[in-house]
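**Q**
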Amino acid sequence: MGCGMSTEEKEGKARNEEIENQLKRDKMLQRNEIKMLLLGAGESGKSTILKQMKLIHEGGYSRDERESFKEIIFSNTVQSMRVILEAMESLELPLDDQRAEYHVQTIFMQPQQIEGDNLPPEVGSAIAALWKDAGVQDCFKRSREYQLNDSARYYFDNIERIAQHDYMPNDQDVLRSRVKTTGITETTFIIGDLTYRMFDVGGQRSERKKWIHCFENVTTILFLVAISEYDQLLFEDETVNRMQEALTLFDSICNSRWFIKTSIILFLNKIDRFKEKLPVSPMKNYFPDYEGGDDYALACDYILNRFVSLNQHETKQIYTHFTCATDTTQIRFVMAAVNDIIIQENLRLCDCLGCPPYPRLGAPCRTGEPSVGGWGFIGRSELYKGQGGF
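Numbering (the numbering used here), first residue to last: 34 to 423.
The following block contains the structure:
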C-alpha cells in the first residue's frame, strides 16, 4: 500500500497552512500598528498633543485648515473676556476706568459662537481696551477662583494681530485653541514603519463611561496631567480639586484589570504655567504634606512621586516626562523618546507572539532624535516600576 495523503488530508493541510499564513500576516500587521490611548482629566492637553503630532509628522496645517480654526479662536477669545467680566461681577471687582463700560457691553452683546472670517473691529478694540484695564488685570490674577481657559492671556496679548482683516492663524494660535472633546476621536499617523492609531477621549467626567470601547489591546497609554491646576477646581464639580481628580483617575487607570500589562507614559503637562503659579499660589495650601515651598524642582518631584506611587503592579512600567504641550520643539524631542519606548514595548509583545525580528531596531535616527534605547528630551524622563517606584 502507498503512504500518500488522501485528497481530504491534503485539503485539510492546505487549510491549516493558509490559516497559519494568515495568522503570521496578522501578527506582522499587529507589530506595525500602534494603538495609543490618550487619557487624562479635562483640559489636560490631550488634543494639543494630537495637534503637535500633525505639525511634526504631517507637515502642519494647510491654509484651508487654518481658516477653519478662525471661528474657534475668535470664540475662545471673546468667551474668555466674557468669563472675566462675569467673574468681576461675582467677585465685586470694579473696572479701573469706568469709561470702559461701553466695551463691556460690546462683549456681552456677542453670541457664544463667533462666526465669519474676521473678528468684528469693535470687538477687537473692546478686548484690547479691557485687557489694559487694571480691574480686569486684578480679576485675571484671581483666575483660579473661576473657570478660565489657559489660552486667555495668549489671545488677549495677541488681539491686535488676531483682529486684523487679513488674519491667518499661526501654529501657536491653533495649538492654543480649545474645543471640548466629546466621545472618542481616532487620528492616524505614519511614523517610519509604524502606523499610530491614537484615540482621544473626552476628559470630563460625563465622557469617561465611553472609554471602555478603546480599552482592549492598546499598545500603550499616554496619560496627561495639567500640573498647573493644583489650585483649581473641576468645571463639572467645583468642590473637587483638579489635581486630586487627576490622581484618582490615574489610580483607576494604572491599576485597572484592563491595563495590568499595559505600559503607561505619563506627561506631567503645563510646566510653564506651573512654574509661574508656585510663587503666588502656595502648593501647601492644597497639599498640606508638601514641604518644598515655591522650589520648582521640589514641587515637580512631589507631584511625580504622588502619581507613580499609586502603581500597585510590580511589573508595570511607567515612563514620565515633564512637558509643555504648546512647545513644539520640546514635544518633538519628547515624542521621539516616546516612539523609542513604544518600539521596545511592541518588540516585547511581538516576541511573546512569535513575530519575526523587528527590522528597525538600532537603526540610525534623524538628527536630534535618540536611537532605540536612548533618551532624547528636554526636561526629565524617568522609568518607574512597581509600588512606590522610587
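The beta carbon of each residue, even a glycine, is placed where N, CA and C say it ideally should be. Owing to the predicted nature of the structure, the values given are computational and were not obtained by experimental measurement.
Three-state secondary structure (DSSP) at E66?
**A** strand
**Q** Quick one: using the 10 Å Cβ neighbour count with 16 as the cut-off for buried, is N203 buried or exposed?
**A** exposed
**Q** Quick check: the Cα distance between K87 and I297, rounded to an integer number of angstroms?
**A** In a straight line, the C-alpha of K87 is about 22 Å away from that of I297.
**Q** With V367 and H354 assumed to form a contact (beta carbons below 8 Å), what rounded beta-carbon distance in angstroms separates them?
**A** 5 Å
**Q** Quick check: the segment 261-273 against the segment 308-327, are there 3 or more CB pairs under 8 Å?
**A** yes
**Q** Would you say the segment 332-352 touches the segment 182-192, given that touching needs at least three Cβ pairs under 8 Å?
**A** no
**Q** How many angstroms separate the CA atom of G419 from the CA atom of D322?
**A** At G419 the pLDDT is 46, less than 50, meaning the model places this residue with poor confidence and gives no usable figure here.
**Q** With DSSP collapsed to three states, give me the class of E271.
**A** Coil at E271, not helix or strand.
**Q** Does the segment 209-223 come close enough to the segment 371-379 to have 3 or more Cβ pairs within less than 8 Å?
**A** no
**Q** Does M368 come out as helix, strand or coil in the three-state DSSP assignment?
**A** Annotated three-state conformation of M368 is helix, per DSSP.
**Q** If L359 sits next to L208, beta carbons under 8 Å apart, how far is it from one beta carbon to the other, in whole angstroms?
**A** It should be noted that the sequence gives Thr, not Leu, for residue 359. Going by Cβ atoms, the distance from T359 to L208 rounds to 5 Å, so yes, they are a contact pair.
**Q** From D190 to A162, what distance separates their C-alpha atoms?
**A** 11 Å
**Q** Going by other Cβ atoms of all chains shown within 10 Å of its Cβ, with 16 needed for buried, is N379 buried or exposed?
**A** buried
**Q** Looking at the secondary structure, which residues open and close the beta strand (DSSP E) in which S296 lies?
**A** S296 to N302
**Q** Can you look up T362 in the DSSP assignment and give me helix, strand or coil?
**A** helix
**Q** Considering only the beta carbon of each residue, do N302 and T356 sit closer than 7 Å?
**A** Result yes, Cβ atoms of N302 and T356 sit closer than 7 Å.
**Q** Grab the span of the beta strand (DSSP E) containing D233 for me, first residue to last.
**A** L227 to V234
**Q** Quick check on DSSP: helix, strand or coil for F320?
**A** coil
**Q** Identify which residue in K174, Q138 and E148 has its Cα closest to the Cα of I160.
**A** Q138
**Q** Leaving out the 5 sequence neighbours to the left and right, which residues in its chain are closer than 7 Å to I286 when beta-carbon positions are compared?
**A** Apart from sequence neighbours up to five positions away, the residues of its chain that approach I286 with a beta-carbon distance below 7 Å are L72, I254, F256 and F292, ordered along the chain.
**Q** Whole-angstrom Cβ separation of I140 and M114, contact assumed at under 8 Å?
**A** Taking 8 Å as the upper bound for CB-CB distance, I140 and M114 are in contact here, some 5 Å apart.
**Q** Here's the rule I'm using: 16 or more other beta-carbon atoms within 10 Å means buried, otherwise exposed. How should A167 be labelled?
**A** exposed
**Q** Which of the three DSSP states, helix, strand or coil, is assigned to I293?
**A** coil
**Q** Is the CB-CB distance between I106 and S210 below 7 Å?
**A** yes
**Q** Got a sec? Which residues, its chain only, sit under 6 Å from R48 by beta carbon, not counting five neighbours each side?
**A** none
**Q** Let me know the secondary structure DSSP gives T215 once reduced to three states.
**A** coil
**Q** Just mark M69 as buried or exposed, buried being the case when its beta carbon has 16 or more other beta carbons within 10 Å.
**A** M69 should be labelled buried.
**Q** Are the CB atoms of V111 and Q143 within a distance shorter than 7 Å?
**A** Contact flag set, yes.
**Q** Using CA atoms only, rank isn't needed, just tell me which of N274, R275 and N344 is closest to R290.
**A** N344
**Q** Can you tell me the Cα-Cα spacing of G157 and E134, whole angstroms?
**A** 15 Å
**Q** Who are the near neighbours of E91 in its chain, counting only those whose CB is closer than 8 Å to its CB and skipping five residues on each side?
**A** F222
**Q** Can you tell me whether DSSP reads A259 as helix, strand or coil?
**A** strand
**Q** Could you name the residues of the same chain whose beta carbon sits closer than 6 Å to that of F425, not counting the 5 residues immediately before and after it, in chain order?
**A** In the structure as shown, the chain starts at 34 and stops at 423, and residue 425 therefore has no counterpart that could be examined.
**Q** For I254, which of helix, strand or coil comes out of DSSP?
**A** strand
**Q** Where P312 and G216 are concerned, what is the direct C-alpha to C-alpha distance, given to the nearest angstrom?
**A** Roughly 37 Å separates the two Cα atoms.
**Q** T220 by DSSP, collapsed to three states: which one?
**A** T220 falls in the strand class under three-state DSSP.
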